[in-house]
Every structure is written in C-alpha cells, then in structure tokens.
Amino acid sequence: MSHRHFLIHKPYGYLSQFIYELKRTKKLLGELYDFPVGTMAIGRLDEDSEGLLILTTDGMMSEVVRSKKVEKEYYAQVDGIITQQAVDQLQNGVLIGFKGTKYKTIKCQAKLIDDPNFPLRSQKIRDERHGPTSWVSIKLTEGKFRQVRKMTSAVGFPTLRLVRVRIGNFHLANLQSGEVMEIESVLGV
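Numbering (this note's numbering), first residue to last: 23 to 211.
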C-alpha cells in the first residue's frame, strides 16, 4: 500500500483531528481538503494555535516525527516586551505543570525576534491599547501538552498567539492559512 503525506498550515480555530464523534460544533482539519481515509496528524496543535502540521496515512511515521530527535520551532507572540532574562530562563528550562505535577523543561533555543508579519488571525488577539507585545522563537525537541504557552507564562510573559513554523527540515514558508501541500515523504524531517 502506498502512503500519502501532507503539510498543512493549520488555521486558528481548527482541531488537529478528522473525526468528531459528539455533536459537531468544532472545525476539523478534514474540512479543509479531501484527505484520503486514514489520514492522521503527526503531533498536534491546539485549537488556539496555528502553523505547520504533518499529516500522513502511515501511522508508523508518527513515532519518527514525534521523537526527541526532531526539532520543532515555534513563534510565540507574548504579552509585554520579553526580557533577555526571561529568554535565558526559557533556554535553561522552566518548571511547568504537566499531568498534575511539576516538570522542568529541557534546555532549548530561544531568542527575541522581530514581528514575523503573519497575516491577521480570523479572531483579533487584542486591542493595541492593552499594551505592547513581542515575539520569541522557541526551538524544542520535546512536546508536552501546551508546553510553549506554559513556558512563556512561567517566565511572566503569557502567549497571545502561537505559530509552529518548522518541524525538522519542513518549514511553514509560504503556505497560507488552511493551505495543504502533498509531499513525497516525511523521512526528510
């Protein structure tokens, strides 16, 4: 059987799944493209997050991509002008809540970045009168539930917008929100 693989720019407000058993009020990725039966997301982005997802019909590839060997990069817009001290804390690992206990994140790369000029989100983040925001790039090899949001909050700068821009060697690049691109293989991660 020949498997198919896709990159998608997951829009804000969509769930990273294809089937919703209960009364359906949420938007699903399957509404954006005619994916083959058995397509699944490798890793997830929560409903409020945007950016790059890899989709595949090959369940065996999921473990390869989700392994700690594959780096993921996120751009987080945070509340306030993030300080170098906070960025240093992110790099050295911070305590976050995970499964009812405290967990120290592993060391990662983090840096302040210029506004990446993403298109406006379908739902406005907030009004400028509520103060300044800044952007930080965070590169992780682990992926705990809502990890980036918990990390920025732990250093005093809650995440307002989160966009995954890279998984391994795959980049969000010019994919527009909701756009899907079929790829030959996910082995290049």
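All C-beta atoms, glycine included, are put in the ideal place defined by N, C-alpha and C.
What did DSSP end up calling residue i once you bin it into helix, strand or coil?
{"i": "K94", "result": "strand"}
{"i": "E85", "result": "helix"}
{"i": "T163", "result": "coil"}
{"i": "S175", "result": "helix"}
{"i": "H25", "result": "coil"}
{"i": "V59", "result": "coil"}
Using a Cβ-Cβ cut-off of 8 Å, state whether residue i counts as contacting chain C.
{"i": "S156", "result": "Checking the listed chains, one finds no chain C in this structure; it contains a single protein chain."}
For residue i, which option in the options has the closest C-alpha, if you only look at C-alpha atoms?
{"i": "L74", "options": "G178, L184, S207", "result": "L184"}
{"i": "L134", "options": "A108, N114, P141, L142", "result": "A108"}
{"i": "H25", "options": "D80, K32, D68, P141", "result": "D80"}
{"i": "E204", "options": "F57, G190, T155", "result": "F57"}
Rounded to whole angstroms, what is the Cα-Cα separation between residue i and residue j?
{"i": "L194", "j": "G153", "result": "29 Å"}
{"i": "E164", "j": "Y97", "result": "16 Å"}
{"i": "D70", "j": "T174", "result": "15 Å"}
{"i": "V208", "j": "R151", "result": "43 Å"}
{"i": "I147", "j": "V59", "result": "35 Å"}
{"i": "Q198", "j": "F120", "result": "32 Å"}
{"i": "R168", "j": "F192", "result": "21 Å"}
{"i": "S242", "j": "G102", "result": "Missing from the structure shown is residue 242; the chain here goes from 23 to 211 and no further."}
{"i": "V202", "j": "V187", "result": "15 Å"}
{"i": "K124", "j": "R171", "result": "15 Å"}
{"i": "K129", "j": "L54", "result": "36 Å"}
With a 10 Å radius around its C-beta and 16 neighbouring C-beta atoms as the bar for buried, classify residue i as buried or exposed.
{"i": "E85", "result": "exposed"}
Alpha helix (DSSP H) segments (min. 4 residues) lying fully within the segment 94-150: 106-114
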